[in-house]
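Just below is one structure, and these are the notes that go with it.
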Amino acid sequence: MSEEHNMNDYDLTFNDADCDCHHQPLILTKVPVVLAEVDVQIHLDAIIKFPAPVLEIKDIKKNVKLTQCRLLLPTNKLFVKGFVRKNIQYASPCKNNIDYRKKNIASDLLSLTVDIPFQCVTEIKDFLSKPDMPEMNMRNEFDFLTSRHLPKGCQENKELQTNDLSQFHQESTQFYNELPYCELISSNIVEWDEAIDRCPLPYHLGEGTFTKIEEKMVLDLIIKVLQKQQVQVYHSKAHKDEPDCDC
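One gets this note's numbering by counting positions in the sequence shown from 1 and adding 12 to each.
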């Protein structure tokens with residue numbers, strides 16, 4: 013009996029120590045909220061011209077840069093604009109330094125940096141969180157009644173009641189809404205560069221130079237669209253004396 017009594021006491025003590033998260037106070041905070049994560053695919057076709065004859069392309073490094081990413085509220089259209097920065101390293105034959113007898117070609121290692129622009133408009137079909145739509149500005153005009161005596165020649169003891177055209181009264185309300193913004197998460201590029209004016213070199217089997225390439229590129233972007241919004245969160249440590257609670 014004594015053991016059972018002690019066990020009941022222990023249960024009561026444990027229940028008293030339990031915390032109720034529903035009694036934790038709510039606080040209002042303003043944080044970035046993810047509206048959507050969008051996959052954007054863009055097709056590019058460009059002609060790149062080199063300042064010197066190209067014998068061989070050695071390496072190409074690419075970077076994607078966004079110059080504009082705008083969700084046009086209250087629509088669901090996302091406008092994206094930017095460019096692909098390409099640094100092309102290539103070998104260019106030295107002038108007057110091609111030995112046709114030994115079939116040697118001396119080359120200089122050069123580089124060319126070009127920007128390939130792109131732009132597109134895509135549609136966000138499924139929002140992870142609803143955006144806060146912009147509040148519309150308002151302007152309202154109002155007038156006051158004025159009374160004045162009629163001019164001479166009109167009936168006596170008569171007054172003209174109307175608004176005063178020499179006065180202008182207006183109430184205007186303007187809202188400063190939170191503008192959605194973007195973060196570039198990742199980019200993937202598949203490209204095909206092909207010379208379009210390649211000329212063979214004499215006495216060199218399979219060798220040639222060119223100054224123009226046509227570039228076909230498929231650019232895939234993952235873009236996160238965010239907006240600062242007011243949200244309610246639990247404040248689990250409102251008082252130092254209260255135990256911590258995981259809600």
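Heads up, the beta-carbon is just placed ideally off N, CA and C, and yes, glycines get one too.
Query: Would you kindly check if the distance between the Cβ of V96 and the Cβ of K70 is under 8 Å?; Result: no
Query: Candidates V237, I208 and S123: which alpha carbon is nearest Y102's?; Result: S123
Query: Which full runs of the beta strand (DSSP E) of 3+ residues lie inside the segment 194 to 254, going along the chain?; Result: 220 to 246
Query: Which whole-angstrom value describes the C-beta separation of L67 and P105, a residue pair presumed to lie in contact below a C-beta threshold of 8 Å?; Result: 5 Å
Query: Do you know how far the Cα of D120 is from the Cα of P192?; Result: 48 Å
Query: Does the segment 185 to 200 come within contact of the segment 153 to 160, defined as at least 3 CB pairs closer than 8 Å?; Result: no
Query: Thinking just about the alpha-carbon of each residue, which of I39, P143, D51 and P37 is nearest to the one in D232?; Result: D51
Query: Under 8 Å Cβ to Cβ from Q182, same chain only, skipping five residues before and after it: list those, please.; Result: R151, N152, E153 and F154
Query: Secondary structure at F187, three-state DSSP: helix, strand or coil?; Result: coil
Query: Taking C-beta to C-beta, are C81 and I235 nearer than 8 Å?; Result: yes
Query: Which of the three DSSP states, helix, strand or coil, is assigned to M150?; Result: strand
Query: Tell me which residue opens and which closes the beta strand (DSSP E) that P65 is part of.; Result: L38 to V66
Query: Would you report the Cα separation of K98 and F222, rounded to the nearest angstrom?; Result: 18 Å
Query: By DSSP, does I72 sit in helix, in strand, or in coil?; Result: strand
Query: Check Q179 in the structure and name its three-state DSSP category.; Result: coil
Query: Between the C-alpha atoms of K89 and F62, what's the straight-line distance to the nearest angstrom?; Result: 38 Å
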